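At position 70 of the sequence shown (counting the first as 1) the number is 74 in my numbering, and the numbers step up by one without a gap. I have placed the structure first, in the form of structure tokens, so that the comments after it can refer back to it.
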Amino acid sequence: MITIAKEPEAVLVLIRHGEIVRPKETSNFDRAPLSSEGWRQVNRLATEWPVAKPSAVCSSDFLRAVQSATILQTAFHVPLEKRACLREWTADPADLPQNEYMDLERRAWRDLDWVPPGAESLAMAGDRVTRCLNEIAARHHGDTVAVVGHGTLFAQFTSTLKGERPTEAYKNSIPFAGVAIVAHGDAWRLVSDFSNVGPSPHENL
5 MITIAKEPEA VLVLIRHGEI VRPKETSNFD RAPLSSEGWR QVNRLATEWP VAKPSAVCSS
65 DFLRAVQSAT ILQTAFHVPL EKRACLREWT ADPADLPQNE YMDLERRAWR DLDWVPPGAE
125 SLAMAGDRVT RCLNEIAARH HGDTVAVVGH GTLFAQFTST LKGERPTEAY KNSIPFAGVA
185 IVAHGDAWRL VSDFSNVGPS PHENL
């Protein structure tokens, strides 16, 4: 188990949702559910939890995040709070063909200040998630909270804590059900970057 600082802080366990049933014809993943492997991934995280038991679970209100968060809520018997400010960033909410959407997304990663049809640049998404996590930390000072969200959004926040520019490669490195631990006392600090908790059940097959 990871030991956190001696001074009272809010400890947030940032969790990317589990693997999803990926739509084939559309770029809009808002309604995509967890796959069977996604359920296994988050259940494994609940049994191999890396820090103190959370006092609450906060989640994006997209289905894949809510399903992931519900597993943790059930495991730890704590309240679940859905927050729209934890929704994944999107270049365009329309049901675009995936190749058209990826063109927009690649442009957004090249220029973090570019505002796509979705009306939010990646830089703006970074500001949004920072405000959201600030609010959660302020409400839960001295506690540990599980925060379930999305790779692109969380990549903006943790990259900043590392003093790095957010990149698509870093976002792509964040595993399903991957965990980063951040703490807030007087300021934010990164305790540990995104990684899997425990071995995959398929790694030794």
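From the three backbone atoms N, C-alpha and C, an ideal C-beta is built for every residue, glycine too. Being a predicted model, the structure only gives us computed values, none of them experimental.
Can you check DSSP and say which residues form a bridge with residue i?
i      : result
Ser196 : Ile185
Ile140 : None, per the DSSP bridge assignment.
Gly153 : Arg20
Glu85  : Cys62
Thr148 : Val15
Report the rounded CA-to-CA distance for residue i versus residue j, giving the unit in angstroms.
i      : j      : result
Leu157 : Trp53  : 22 Å
Trp118 : Gly155 : 19 Å
Ile75  : Val25  : 17 Å
Leu38  : Leu49  : 15 Å
Asn200 : Thr51  : 13 Å
Gln102 : Asp65  : 23 Å
His145 : Val17  : 14 Å
Leu100 : Glu109 : 12 Å
Asp115 : Ser59  : 38 Å
Met128 : Pro27  : 26 Å
Asp190 : Glu168 : 21 Å
Ala141 : Ala14  : 5 Å
Arg111 : Ala73  : 31 Å
Val1   : Arg143 : Outside the shown range of the chain, which is 5 to 209, sits residue 1, and nothing can be said about it.
Val186 : Arg193 : 6 Å
Ala79  : Glu85  : 15 Å
Ala181 : Glu139 : 23 Å
Ser31  : Val82  : 33 Å
Phe33  : Ser163 : 24 Å
Leu137 : Val183 : 15 Å
Lys175 : Ala159 : 6 Å
Trp43  : Pro121 : 32 Å
So residue i and residue j are in contact, right, with Cβ under 8 Å, and what is the actual spacing, rounded?
i      : j      : result
Cys89  : Arg135 : 7 Å
Ile178 : Phe198 : 5 Å
Thr148 : Val55  : 6 Å
Gln45  : Glu29  : That pair is no contact at about 25 Å.
Ala3   : Leu67  : The shown model of the chain, from 5 to 209, leaves out residue 3, and the question about it has no answer.
Would you mind sorting residue i into buried or exposed? The rule is 16 or more other CB atoms within 10 Å of its CB.
i      : result
Ala173 : exposed
Thr94  : buried
Ser40  : exposed
Pro170 : buried
Arg132 : buried
Glu92  : buried
Lys57  : exposed
Asp107 : exposed
Ala123 : exposed
*Which ranges would you report for the alpha helix (DSSP H) in the stretch 32-80 if only whole runs of at least 4 residues count?*
40-51 and 67-80
*Curious, which full-length beta strand (DSSP E) runs of at least 3 residues does the stretch 82-125 contain?*
84-86
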